[in-house]
Structure formats: structure tokens, C-alpha cells
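Asks:
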Amino acid sequence: MSTTVTSEQVEGIVREALVKFGTPVEAITPDATFEALDVDSLDLVEMAQIIEEEFGVELTASDVKGIATMGELVNLIVTRT
Amino acid sequence: MREVVITGVGAVTPLGIGAHTLHERWSAGVCAVSDGEAGCTDFDATDFLSIKEARRADRFTQLAIAACQEALDDAGWADEAPYASEEMGCIFGTGIGGLSTIERNQSQLASGGQVSPLAVPLMMGNAGSASLAMRHGIRGPVYGIVSACAAGANAIGSAARAIQCGDASAVLTGGSEATLTPLAKAAFAALDATSQCGVSRPFDVRRDGFVMGEGAAVLVLEDGERARRRGARVLATVRGYGATCDAFHLTAPDAEGSGQAAAITAALRDAELEPAQIDYVNAHGTSTPLNDRAETLALKTALGRRAHEIPISSTKSAIGHLLGAAGAVEAVATVLALRDGIAPPTLGLEEPDPELDLDYVAQVSRPLSLGDARKAVALSNSFGFGGHNAVLCLEAQ
Numbered sequence: 035m036s037t038t039v040t041s042e043q044v045e046g047i048v049r050e051a052l053v054k055f056g057t058p059v060e061a062i063t064p065d066a067t068f069e070a071l072d073v074d075s076l077d078l079v080e081m082a083q084i085i086e087e088e089f090g091v092e093l094t095a096s097d098v099k100g101i102a103t104m105g106e107l108v109n110l111i112v113t114r115t
Numbered sequence: 207m208r209e210v211v212i213t214g215v216g217a218v219t220p221l222g223i224g225a226h227t228l229h230e231r232w233s234a235g236v237c238a239v240s241d242g243e244a245g246c247t248d249f250d251a252t253d254f255l256s257i258k259e260a261r262r263a264d265r266f267t268q269l270a271i272a273a274c275q276e277a278l279d280d281a282g283w284a285d286e287a288p289y290a291s292e293e294m295g296c297i298f299g300t301g302i303g304g305l306s307t308i309e310r311n312q313s314q315l316a317s318g319g320q321v322s323p324l325a326v327p328l329m330m331g332n333a334g335s336a337s338l339a340m341r342h343g344i345r346g347p348v349y350g351i352v353s354a355c356a357a358g359a360n361a362i363g364s365a366a367r368a369i370q371c372g373d374a375s376a377v378l379t380g381g382s383e384a385t386l387t388p389l390a391k392a393a394f395a396a397l398d399a400t401s402q403c404g405v406s407r408p409f410d411v412r413r414d415g416f417v418m419g420e421g422a423a424v425l426v427l428e429d430g431e432r433a434r435r436r437g438a439r440v441l442a443t444v445r446g447y448g449a450t451c452d453a454f455h456l457t458a459p460d461a462e463g464s465g466q467a468a469a470i471t472a473a474l475r476d477a478e479l480e481p482a483q484i485d486y487v488n489a490h491g492t493s494t495p496l497n498d499r500a501e502t503l504a505l506k507t508a509l510g511r512r513a514h515e516i517p518i519s520s521t522k523s524a525i526g527h528l529l530g531a532a533g534a535v536e537a538v539a540t541v542l543a544l545r546d547g548i549a550p551p552t553l554g555l556e557e558p559d560p561e562l563d564l565d566y567v568a569q570v571s572r573p574l575s576l577g578d579a580r581k582a583v584a585l586s587n588s589f590g591f592g593g594h595n596a597v598l599c600l601e602a603q
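Here it is in C-alpha cells:
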């Protein structure tokens, strides 16, 4: 997999997915918790599919278990690419 | 046994949004069939659901949620349910479940794509009952009923039983279906079940199959004593329920209608009523050659001479066949017809079948002839593939 993936690119895809899931766009910030955004386990499984398709990064349930914010998720993905 | 009353109704049907829209348009003779099918073309899920909620629901569940909101508003529950969570149930029917979800995911899989993690929670037949329970905080008995085109009526009957035996004080019930999909249309056509000419005309000599429709209806059932204590407006009473099975054929009704007749007789017995006390029959009336003949025989067997005196009409003449939602939508239509004392018409019935000699209220609504001051009583018939027969006996207030 390419190593040129930037945080901005990953954040763009994650943000787009959250909006698709129905999260209000103005509520999405790197520090907002998934709990506060009403993003639940089903959303995160869908998110993992999108990440795999976009970046070839496989995220398991235990990978995302400790992830509480979009910022943390973006960092995890970037370190895996 | 506890009295079971209906305090609220809601529906989304091919005639439009709302139970009253269904009642008024059907009574006025409006037919929603277009190009051989009857879709809920006025329905936009985002009018009722957030983006997130809409994504988490197959169309059949979306229709159920919209119908449920109307029913709860109608029952005066809009702000707060008048029962504790554990006292409330949701028993909800569907014939097939989330078929469009299955088809979409199957097509993604076949083209090498991914299957959505939402596929199972959206397609499962209990998604309707589960979603309504989650949305309205219902923590008593909650489950789906699956009995093909009898599911809506079986759900209402089972809900009434749950109240009668004390499992719940209030139950949201009804049915939903949304299968105007390529697979369902091809599959019913392969069985010769659907009309080739695309016309729903129950009891007409030219009838050649049903027209598929989609939609949902929800009824709020409550323990009569509790409902009256809270000052609820009571629309109707569920007087009786009869459920039987033909145990005869996977798709065809028993030609003599004996299983259907047994369900009608059981509903009357449950209601402690005689055929002479029935004022109206909302027929299953699918517009298939086999059903309309068997149902006519069943009505004669169960009701005797009275069968010839009662107005009988088919909601499916106006909205097509809503499969697992049909029994619920037709129960709602029956409740409102009783309230107004009318028999809505069997539309499209222009050339009577000489073999079918009952009064099918052809084309134009008619006032019910209620000789004395007693409350109007109706039967609502629903029969499904698999030989499932469910009959409700409903009494106006």
C-alpha cells in the first residue's frame, strides 16, 4: 500500500462516511467522541469496510474497540497505511 | 377476559399517507393501482425519519415507523406513553421482510462488492417490531408474526390475546410490506398469482390475479379498562379472533374454503356473536380466481343465509394486495368504515361472476343498514400462502 496517505486524506474519507451515516456535519470535529456523535458499533463496522476499500487497511473489532474519537481513528489508520 | 379496545390507527398506503386518507379515498371510489402495481408514491422516509434512522431501516420498516407515529398521535400518546415500558408490547406482521435489502446486497455480492453490515438487521422479518420497540421504549412482549398474507391479522389477533391474558396492557400491532421489487414481482408472476392485465377486480368474472401493493398499518390496542380510565377515545373493540390453517397446499386455498370457514366460525364464537349480528365483511378478496371463489363458499358455510344479506367488499380493489400488511390495513379500513356506518365499495367489479352470488358492494359505497341502535360489527378476513387463515371480529364504539 502506498505510504503517501495523509491525515487530511483519511480525515476526508472518515468525515464523508460519518455524514453518510447521518451525523450532522457541523458536529464532526477531531475531538468529538463517537458517543457524543451517536456513532455506534454498526457505524464503526461500516466505517471499517469503507477504510479497507479506500486504503486497504483492515480494521478488526478489537482495533476500533478503544477508539473514542475521529482524531484517534484517523491516527490509527494513518499509522497502518 | 379483558376487553381489548383500539384507541389509535395509522396507515401508509398506495392511496396516500394516513388512515383517514385511506378511508376517505377508498370510500370515494379512488383506485391507487397504476401500471399494474400500487406503490406508496407519496411516501418519503425522510419526512418521518432522520438520515440515520432511515439508513437503519428497510422500506418495510420505514413504512411501519410512519404508520406507527400516526397511530400513537391518534391514540393521544404523542408526548408520553400512558403505560410503563414493561407493560407495553409490539407484535407486528410481515409476509416477507426486507426484500429490497436482500436484493441490493445480493447484487453487490454478485458483482464482487461488499455486503453491508446492515444487511441482516434490515432484512430480518422482526425488524419492524424491533424498530418500533426501540423507537418507543417498549420492553414487554415484542416479536414478529410471519404468516404471509394473513400476517397483519394474525398480529392483531395475537396482540389482543397478549392483552386478554395479561402479558401486556397495551400493544402496538399491525403489519408492513414493501416488496415491489424485481425478484418479488417475477416470483409472484411465475406462480401466476399476479394479474397479467394489471387490474384488481375482486369477484369480477374477468379477475385474473392480484395486483401487488405496498404499505403499512399500525393499531394501538389497549386493555379497555385502562384505556377508559385514562380517558382515551375508543374507536372500536376487538371482539373476536379466529385463526386456522388449511393444511392442504402451499399456495392454493382449500377449494371448499373449509379452513377459512372454520376461522370465521372461530372468530364469531370468540366474540360470542351470531351471524345475524354481523353488519359488514371486509373480504380478503384478492382478485385471484381461486381465493374469491373459496372465500365466497367459506362465508356461506360460516354465516349461512346471513351471508347473502351482508355487504361484503374488498379493500384490495382500491390498493391492491399488501401481502403481510393487508390484514392490518384492512382492519384499519374496517374500523373507520364501522365508525362512519358505511360499506366501502369493491371497485372494478363490473361483470359479476355468476358463481359468486353474494353482495360485494360493486363500485359505490353504501350506508350500513343498522336496524336498531346497536353498535356495528364487522368481520375482516385475511388468508395467506401456506393455508393461514385469520379472521378478526371488530365492533364500532
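Heads up: the sequence lines are chains A and B, in that order.
Per the working numbering, the very first residue in the first sequence carries number 35; after that it's consecutive.
Per the working numbering, the very first residue in the second sequence carries number 207; after that it's consecutive.
No residue lacks a Cβ here, since even glycine has one placed at the ideal position from N, Cα and C.
No experiment lies behind these values; they were computed from the predicted model shown.
Which residue marks the beginning of the alpha helix (DSSP H) containing residue 443 of chain B, and which one marks its end?
Replies: Element bounds for residue 443 of chain B: not the alpha helix (DSSP H) but the beta strand (DSSP E), 442-451.
Asks: Assuming residue 350 of chain B and residue 363 of chain B are in contact, meaning their beta carbons sit under 8 angstroms apart, how far apart are those beta carbons, in whole angstroms?
Replies: That pair is no contact at about 14 angstroms.
Asks: Please list, in chain order, the residues of the segment 304-332 of chain B that have any C-beta partner in chain A closer than 8 angstroms.
Replies: Flagged, chain order: 320, 322, 323, 324 and 327.
Asks: So is residue 296 of chain B buried or exposed if we call it buried at 16+ other beta carbons inside 10 Å?
Replies: Residue 296 of chain B is buried by the Cβ-count criterion.
Asks: Please classify residue 332 of chain B: does DSSP put it in a helix, a strand, or coil?
Replies: Coil, per DSSP.
Asks: How would you call residue 522 of chain B, buried or exposed, if buried means at least 16 neighbouring beta carbons within 10 angstroms?
Replies: Looking at its Cβ environment, which holds 16 or more other Cβ atoms inside 10 Å, residue 522 of chain B is buried.
Asks: Exposed or buried, which one is residue 100 of chain A when buried takes at least 16 other CB atoms within 10 Å?
Replies: So residue 100 of chain A counts as exposed.
Asks: Anything in chain A within Cβ reach of residue 257 of chain B, meaning under 7 angstroms, just list it in chain order.
Replies: Going along chain A in sequence order, the residues near residue 257 of chain B (Cβ under 7 angstroms) are 56.
Asks: Quick one: what's got a C-beta closer than 6 angstroms to residue 222 of chain B's C-beta in the same chain, skipping five residues either side?
Replies: Once the five neighbours on either side are set aside, the close Cβ partners of residue 222 of chain B are 248.
Asks: Would you check if there are 3 or more beta carbon pairs closer than 8 angstroms linking the segment 208-222 of chain B to the segment 361-378 of chain B?
Replies: These segments touch.
Asks: Does DSSP classify residue 525 of chain B as helix, strand or coil?
Replies: If DSSP states are grouped into helix, strand and coil, residue 525 of chain B belongs with the helices.
Asks: Quick one: grab the DSSP three-state call for residue 585 of chain B.
Replies: Residue 585 of chain B: strand per DSSP, three-state reduction.
Asks: Buried or exposed for residue 241 of chain B, going by 16 or more other Cβ atoms inside 10 Å?
Replies: Exposed: under 16 other Cβ atoms inside 10 Å.
Asks: Within a Cβ cutoff of 7 angstroms, which residues of the same chain sit near residue 105 of chain A, ignoring the five residues on either side of it in sequence?
Replies: Excluding residues within five positions, the ones whose Cβ falls inside 7 angstroms are 64 and 65.
Asks: Can the beta-carbon of residue 266 of chain B be found less than 9 angstroms from the beta-carbon of residue 385 of chain B?
Replies: Yes. Within cutoff.
Asks: Tell me residue 558 of chain B's beta-bridge partners as DSSP assigns them.
Replies: Residue 558 of chain B is bridged to B:410.
Asks: Who are the near neighbours of residue 587 of chain B in its chain, counting only those whose CB is closer than 6 angstroms to its CB and skipping five residues on each side?
Replies: For residue 587 of chain B, where only same-chain residues beyond five positions count, the Cβ hits under 6 angstroms are 489, 490 and 597.
Asks: Give me the residue from B:558, B:421, B:336 and B:429 with the minimum Cα distance to residue 530 of chain B.
Replies: Of the candidates B:558, B:421, B:336 and B:429, the one whose C-alpha sits nearest the C-alpha of residue 530 of chain B is B:421.
Asks: Name the chain B residues whose beta carbon is nearer than 9 angstroms to that of residue 110 of chain A?
Replies: Residues of chain B passing the Cβ test: none, with the nearest at roughly 19 angstroms.
Asks: Name the two residues that bound the continuous alpha helix (DSSP H) containing residue 516 of chain B.
Replies: Careful: residue 516 of chain B lies outside any alpha helix (DSSP H) and carries neither H nor E.
Asks: Among A:88, A:82 and A:51, whose alpha-carbon lies nearest the alpha-carbon of residue 95 of chain A?
Replies: Minimum Cα distance to residue 95 of chain A is reached at A:82.
Asks: Please classify residue 511 of chain B as buried or exposed, where buried requires at least 16 neighbouring CB atoms within 10 angstroms.
Replies: Residue 511 of chain B comes out exposed.
Asks: Using a Cβ-Cβ cutoff of less than 6 angstroms, which residues in the same chain neighbour residue 35 of chain A once the five nearest sequence positions on both sides are dropped?
Replies: At residue 35 of chain A the pLDDT is 49, less than 50, meaning the model places this residue with poor confidence and gives no usable figure here.
Asks: Quick one: is residue 262 of chain B buried, meaning 16 or more other Cβ sit within 10 Å of its Cβ, or exposed?
Replies: Buried is the call here.
Asks: Classify residue 104 of chain A as helix, strand or coil using the three-state DSSP reduction.
Replies: Here residue 104 of chain A sits in helix by DSSP.
Asks: Which complete alpha helix (DSSP H) runs does the segment 468-518 of chain B hold, if anything under 4 residues is left out?
Replies: Listed in chain order, the complete alpha helix (DSSP H) runs (minimum 4 residues) inside the segment 468-518 of chain B are 495-509.
Asks: DSSP state of residue 50 of chain A, grouped into three classes?
Replies: Residue 50 of chain A: helix per DSSP, three-state reduction.
Asks: Using a Cβ-Cβ cut-off of less than 9 angstroms, list which residues of the segment 257-273 of chain B approach chain A; keep chain order.
Replies: Listed in sequence order: 257, 258, 259, 260, 261 and 262.
Asks: State the DSSP-derived secondary structure class of residue 563 of chain B, mapped to helix, strand or coil.
Replies: The answer is coil: DSSP assigns residue 563 of chain B none of H, G, I, E or B.
Asks: Going along chain B in order, which residues have a C-beta closer than 8 angstroms to the C-beta of residue 76 of chain A?
Replies: Neighbours of residue 76 of chain A on chain B, chain order: 262, 323, 324 and 327.
Asks: Given a threshold of 16 other Cβ atoms within 10 Å of its Cβ, counted over all protein chains shown, does residue 398 of chain B qualify as buried or as exposed?
Replies: Answer is exposed; the Cβ neighbour count stays below 16.
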